[in-house]
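Residue numbers for the sequence shown, in full-length UniProt numbering: 1 to 359. To start, the structure itself, in structure tokens.
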Amino acid sequence: MTRLEELIYSLATVIVRYHDAQRVPRKLVDENDPTVLKEKSRESAKKIIQNTEVNFDIRLKELIVACTADYADRKPFLSFLLHEITFLKAQLDRKVPYSPEELGLYRQQIIQLLLDFQQLLKVSKDKVFKVTHSSFTDEPLRIELNGLMNNSWFENSYCNSGLLIMDEVLDKCRLSIKSSPEAIKNYAYDLCEEHEKTLPNKENLRLKEELQQKEETAEKEKAQREKAEKENLELKEKLKELEETAEREKTAREKLEKEKSEIEAQLLEKDTKLQEAEEKNKTQQVIINELQNYKKSKEEEGGLIRRYPVMAPAYMTGLAGILQQRGATNARFFPIVPQITPSSSENVVEDETPSLINE
Numbered sequence: 001m002t003r004l005e006e007l008i009y010s011l012a013t014v015i016v017r018y019h020d021a022q023r024v025p026r027k028l029v030d031e032n033d034p035t036v037l038k039e040k041s042r043e044s045a046k047k048i049i050q051n052t053e054v055n056f057d058i059r060l061k062e063l064i065v066a067c068t069a070d071y072a073d074r075k076p077f078l079s080f081l082l083h084e085i086t087f088l089k090a091q092l093d094r095k096v097p098y099s100p101e102e103l104g105l106y107r108q109q110i111i112q113l114l115l116d117f118q119q120l121l122k123v124s125k126d127k128v129f130k131v132t133h134s135s136f137t138d139e140p141l142r143i144e145l146n147g148l149m150n151n152s153w154f155e156n157s158y159c160n161s162g163l164l165i166m167d168e169v170l171d172k173c174r175l176s177i178k179s180s181p182e183a184i185k186n187y188a189y190d191l192c193e194e195h196e197k198t199l200p201n202k203e204n205l206r207l208k209e210e211l212q213q214k215e216e217t218a219e220k221e222k223a224q225r226e227k228a229e230k231e232n233l234e235l236k237e238k239l240k241e242l243e244e245t246a247e248r249e250k251t252a253r254e255k256l257e258k259e260k261s262e263i264e265a266q267l268l269e270k271d272t273k274l275q276e277a278e279e280k281n282k283t284q285q286v287i288i289n290e291l292q293n294y295k296k297s298k299e300e301e302g303g304l305i306r307r308y309p310v311m312a313p314a315y316m317t318g319l320a321g322i323l324q325q326r327g328a329t330n331a332r333f334f335p336i337v338p339q340i341t342p343s344s345s346e347n348v349v350e351d352e353t354p355s356l357i358n359e
């Protein structure tokens with residue numbers, strides 16, 4: 001454990017023990033044996049500082065509020081301790097080395113803190129003393145705190161807060177109320193030097209930053225490569241889909257071409273048959289026309305023979321009728337004209353008409 005860690009745990013232990021010494025609903029450590037009480041109180045303080053789930057700042061504030069509910073005079077002092085714990089914890093968590101100026105300020109803050117504790121132990125609690133808030137600013141905040149001595153005739157009579165500072169802070173730092181400023185300075189130098197050694201030097205820091213940059217670059221390149229591979233795979237899949245689609249379209253096109261050729265062949269065949277039918281129809285129409293003309297001419301020839309048929313006169317009365325009935329051939333009367341009926345010769349003539357239709 002480094003001196004810096006020891007100092008942080010010591011300040012936190014003061015708050016824990018002060019809390020348990022007051023009338024609070026629940027103590028963190030309930031022990032009567034002073035030695036066991038000190039050990040368990042310190043372990044409790046370490047757990048609070050090292051807790052990663054609940055920030056130590058929140059937990060210590062809760063303890064301060066609980067233990068100053070009935071007696072608020074020491075709340076500023078306990079809050080001052082919490083501020084110093086927060087400052088020192090930030091240095092403990094630091095990952096970069098200090099610049100010469102920062103290191104000088106850091107040492108001065110440790111020296112000033114220990115000197116302030118010495119002075120508070122020399123001032124009675126009805127008086128105030130200005131202490132300095134640790135920080136890296138040029139003008140750190142200074143606040144007034146009540147002293148840590150009791151108003152008593154007895155020598156070295158300290159209040160509870162004073163006893164805790166002496167027991168948990170100065171004793172752990174191997175210092176006392178009588179330690180010289182030089183001793184306090186040496187302790188502060190040792191603490192800062194020890195802490196600085198735990199930090200990476202500038203060259204190591206440069207190499208670490210360079211390594212980190214290379215790792216980040218490699219990670220970016222890896223991400224880009226994975227992205228490119230993914231895009232390439234997607235393009236390949238898309239190309240495959242396009243090729244499959246093109247193949248399907250080619251097959252469909254070939255099928256359509258084949259169907260088109262078949263339909264065209266069928267149409268050509270039908271057109272040929274239709275033309276043949278039209279030619280045949282024309283030929284038949286010519287024959288029909290010829291037959292009709294021939295029939296018409298025959299009808300006209302037959303009409304000339306039968307246009308004025310000789311009709312037998314009706315029988316008359318009187319002498320003319322008697323003569324007619326007797327077949328008289330008297331020229332003064334109607335001559336007897338034999339009735340012409342169709343003969344077999346005429347039928348033969350008509351039958352001899354050539355059959356053009358069958359031809």
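The beta carbon of each residue, even a glycine, is placed where N, CA and C say it ideally should be.
Distance, Cα to Cα, Leu7 vs Ile48? Here residue 7 refers to the residue found at position 7 of the sequence shown. Here residue 48 refers to the residue found at position 48 of the sequence shown. Rounded to the nearest angstrom, the two C-alpha atoms are 14 Å apart.
Q. How is Phe129 classed by DSSP in three states: helix, strand or coil?
A. What you label residue 129 is simply residue 129 of the sequence shown in a count that begins at 1. Three-state result, Phe129: strand.
Hey, quick one: how far does the beta strand (DSSP E) through Asn146 stretch, first residue to last?
On the sequence shown, residue 146 is found 146 positions in, with the first residue counted as 1. Asn146 -> beta strand (DSSP E) spans 142–146.
Who are the near neighbours of Ala331 in its chain, counting only those whose CB is closer than 6 Å to its CB and skipping five residues on each side?
Residue numbering aside, residue 331 sits at position 331 when the sequence shown is read from its first letter. Reliability fails at Ala331, whose pLDDT of 47 lies under 50, so the model's placement of it is uncertain and no value is given.
### Query
Cβ-heavy atom distance between Val131 and the ligand SAH below 7 Å?
With respect to the ligand SAH, the structure offers nothing, as it holds no ligand at all.
Three-way DSSP call (helix, strand, coil) for Met166 in this model
Counting from one through the sequence shown, the residue named residue 166 turns up at place 166. Note: Met166 maps to helix in three-state DSSP.
| query | Apart from the five residues on each side of it in sequence, which residues of its chain come closer than 8 Å, Cβ to Cβ, to Tyr187? | reply | The residue you call residue 187 lines up with position 187 of the sequence shown. Taking Tyr187 as the centre and dropping the five residues before and after it, the same chain places the C-beta of Arg3, Ile110, Leu114, Cys173, Arg174, Leu175 closer than 8 Å to its C-beta, in chain order.
_Rounded to the nearest angstrom, what separates Pro76 and Leu82 at their Cα positions?_
Stepping through the sequence shown from its first residue, residue 76 is reached at position 76. Stepping through the sequence shown from its first residue, residue 82 is reached at position 82. Straight through space, the alpha carbons of Leu82 and Pro76 are spaced by roughly 10 Å.
**Asked** Helix or strand or just coil, what does DSSP make of Tyr98?
**Response** Indexing the sequence shown from 1 puts residue 98 at position 98. Here Tyr98 sits in coil by DSSP.
Q. When we look at the beta-carbon of Ile288 and count the other beta-carbons within 10 Å, is it buried (16 or more) or exposed?
A. The residue labelled residue 288 in the question sits at position 288 within the sequence shown. It counts as exposed.
Practice item. Starting from Arg42, trace the alpha helix (DSSP H) both ways and give me its first and last residue. Key: Taking the first residue of the sequence shown as 1, we reach residue 42 at position 42. For Arg42, the enclosing alpha helix (DSSP H) starts and ends at 34–50.
**Message:** DSSP three-state label for Tyr158, please.
**Reply:** On the sequence shown, position 158 is the one that residue 158 refers to. In the three-state DSSP reduction, Tyr158 falls in the strand class (E or B).
Residue from Leu121, Gly147, Gln119, Thr137 with nearest C-alpha to Lys127:
In the sequence shown, the residue the question calls residue 127 occupies position 127. Sorting Leu121, Gly147, Gln119, Thr137 by C-alpha distance to the C-alpha of Lys127 places Gly147 at the top.
* Residue burial classification, Gly104 (beta-carbon count within 10 angstroms, cutoff 16) -> Your numbering for residue 104 matches position 104 in the sequence shown. Flag for Gly104 reads exposed.
**Prompt:** What is the rounded straight-line gap between the Cα of Thr68 and the Cα of Asp20?
**Reply:** The count along the sequence shown starts at 1 and reaches residue 68 at position 68. The count along the sequence shown starts at 1 and reaches residue 20 at position 20. Taking the Cα positions, Thr68 is about 11 Å away from Asp20.
### Message
In the DSSP assignment, the alpha helix (DSSP H) including Cys192 goes from what residue to what residue?
### Response
The residue you call residue 192 lines up with position 192 of the sequence shown. Per DSSP, Cys192 is one residue of the alpha helix (DSSP H) stretching across 181–198.
- [ ] Please state if the CB of Leu145 and the CB of Val131 are separated by a distance shorter than 8 Å.
- [x] By 1-based counting over the sequence shown, the position of residue 131 is 131. By 1-based counting over the sequence shown, the position of residue 145 is 145. It is a contact, given that the beta carbons lie within the stated cut-off.
Q.
Suppose contacts are defined by Cβ-Cβ distances below 8 Å. Is Tyr106 in contact with Cys192 by that definition?
A. As a position in the sequence shown, residue 106 is number 106, starting the count at 1. As a position in the sequence shown, residue 192 is number 192, starting the count at 1. Result yes, Cβ atoms of Tyr106 and Cys192 sit closer than 8 Å.
Considering only the beta carbon of each residue, do Ser10 and Val29 sit closer than 8 Å?
If you number the sequence shown from 1, residue 10 lands on position 10. If you number the sequence shown from 1, residue 29 lands on position 29. No.
Original post:
Below 8 Å between beta carbons: does that hold for Leu78 and Ile15?
Top reply: Indexing the sequence shown from 1 puts residue 78 at position 78. Indexing the sequence shown from 1 puts residue 15 at position 15. Going by C-beta atoms, Leu78 is nearer than 8 Å to Ile15.
Exercise for the section: Quick one: residues in its chain with C-beta nearer than 6 Å to the C-beta of Pro140, no 5 flanking neighbours on either side, listed in chain order? Expected result: Position 140 of the sequence shown, counting from 1, holds the residue named residue 140. When the five nearest sequence neighbours on each side are left out, the beta carbons in the same chain lying within less than 6 Å of the beta carbon of Pro140 are those of Thr132, His133, in order along the chain.
- Query: What first and last residue would you give for the alpha helix (DSSP H) that runs through Gln91?
  - Reply: The residue you call residue 91 lines up with position 91 of the sequence shown. Here the alpha helix (DSSP H) through Gln91 covers 75–92.
Taking 6 Å as the limit between beta carbons, can you name the residues of its chain near Ala45, skipping five residues before and five after? Counting from 1 along the sequence shown, the entry for residue 45 is found at position 45. Contacts found: Tyr9, Ala12, Thr13, Val16.
Quiz item: What's the C-alpha gap between Ile64 and Asn55?
Solution: Position 64 of the sequence shown, counting from 1, holds the residue named residue 64. Position 55 of the sequence shown, counting from 1, holds the residue named residue 55. Whole-angstrom Cα-Cα distance: 15 Å.
Own chain partners of Arg225 with C-beta closer than 8 Å, once the 5 adjacent residues on each side are dropped: The residue given as residue 225 occupies position 225 in the sequence shown. None.
Roughly how many whole angstroms lie between the Cα atoms of Asn32 and Ile165?
-> Taking the sequence shown and counting its residues from 1, the one referred to as residue 32 is at position 32. Taking the sequence shown and counting its residues from 1, the one referred to as residue 165 is at position 165. Each residue's Cα considered, the two are about 20 Å apart.
- What are the boundary residues of the alpha helix (DSSP H) that Leu7 is part of? What you label residue 7 is simply residue 7 of the sequence shown in a count that begins at 1. Where Leu7 is concerned, the enclosing alpha helix (DSSP H) stretches over 3–21.
Assigned secondary structure, Ser124 (DSSP; H/G/I helix, E/B strand, else coil):
The residue given as residue 124 occupies position 124 in the sequence shown. DSSP places Ser124 in strand when its eight states are reduced to three.
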